[in-house]
Amino acid sequence: MKKVTCPPCGTEIRGETDDELVRNVQDHAKREHGRDLTREHILAAAKEA
Ligand SMILES: [Zn+2]
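Sequential numbering of the sequence shown, starting at -6, is according to the working numbering.
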């Protein structure tokens, strides 16, 4: 399990795998902030949860 805290809004986003985390964060960033984040960017910001 990994997690990322979204910088603009503080929402904590989790995923069981790297792929799931990346998908969840990309969905959130696009939907809530209109931003496209790369996989590398997301995994660099991810922490073990
Ligand atoms: Zn956010």
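Even for Gly, the Cβ is constructed at its ideal location relative to N, Cα and C.
- In the structure shown, Arg7 adopts extended strand secondary structure according to DSSP, grouped into three states.
- For Arg28, no alpha helix (DSSP H) run applies, since DSSP gives it neither H nor E.
- Residue pairing for Glu33: DSSP places it in no beta bridge.
- One thing to note: Val(-3) has its Cβ no nearer than 7 Å to the Cβ of Ala37.
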